[in-house]
Amino acid sequence: MGSEQLAFFLLLPLSLILATWKGGAPERYGALVIVAMAVIQRIAIVFVPSHFVSVDPAALVTDFVGLTGFGILAVQARRIWPIWAASLQLLSVSAHFARWADIGVPPFVYALMRGSPTFVALAALLVGTVLHMVRLKRHGADPSWQNWSRGSASYDRYPGRPSNRW
């Protein structure tokens, strides 16, 4: 097992456990997206072995699930990390299109392009969970979701605290 795989398999449980235990709703949903990606990948490998010479359909489906899940979180959550994670998953999906277009991407580069962004998205989940914990400690509250109603312009991020507006 390489050092990259070891780092991934250490970061995976740490991120998922911390997000589930101490994270807000967006962090728990982010952990669920990661788990869904892992389960889909494991099931798909049984039917379609992973390879790097042509487009890997199992990894493509997995990356689309990640892009969709983190994309929804990026729009709905009052957090920055889902935007990072969605952007990183877009890079993973782009790797599949680069392989499909056959623009001369070596197999090692394809493997790196499709796997590294998901690793960094996992790190973003961990950082997001830690920042959520800091905001809870500092402010006593950390709203999870955007308020898209018309009156949201006057929405106070931390109710009960004096507003810093004007």
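To convert, note that position 66 of the sequence shown is 66 in UniProt numbering; the numbers rise steadily by one, no gaps. Ideal Cβ positions, reconstructed from N, Cα and C, are used throughout, including at glycine. What you are looking at is a predicted structure, and each value in this text was computed from that prediction instead of being measured.
**Prompt:** Where does the unbroken alpha helix (DSSP H) through residue 138 begin, and where does it stop?
**Reply:** 107-139
**Message:** Quick check on this structure: which residue in 144, 148 and 149 has the alpha carbon closest to the alpha carbon of residue 28?
**Reply:** 144
**Asked** Apart from the five residues just before and just after residue 59, which ones in its own chain have a Cβ nearer than 6 angstroms to its Cβ?
**Response** 114
**Request:** For residue 79, I'd like the list of residues in its chain whose CB is within less than 7 angstroms of its CB, leaving aside the five on either flank, ordered along the chain.
**Result:** 26 and 128
**Message:** Quick check on DSSP: helix, strand or coil for residue 101?
**Reply:** coil
**Message:** DSSP three-state label for residue 84, please.
**Reply:** helix
**Item:** residue 21 - DSSP class collapsed to helix/strand/coil
**Value:** helix
**Request:** Run the CB neighbour count on residue 178, radius 10 Å, all protein chains shown included, and call it buried at 16 or more, exposed below.
**Result:** In this structure the chain extends from 1 to 166, so residue 178 is not present and cannot be described.
**Request:** Alpha carbon to alpha carbon, how far is residue 67 from residue 61? Give it in angstroms, no decimals.
**Result:** 10 angstroms
**Asked** By Cβ distance, which residues of its chain are closer than 6 angstroms to residue 133, with the 5 residues on each side in sequence left out?
**Response** 22
**Item:** Span separating the alpha-carbon of residue 30 from that of residue 70
**Value:** 7 angstroms
**Prompt:** From this set, 63, 39, 7 and 11, which residue's C-alpha is nearest residue 95's C-alpha?
**Reply:** 63
**Request:** Pick out whichever of 89, 123 and 24 has its Cα sitting closest to the Cα of residue 137.
**Result:** 24
**Item:** Where residue 89 falls, given that 16 or more other Cβ within 10 Å makes a residue buried
**Value:** buried
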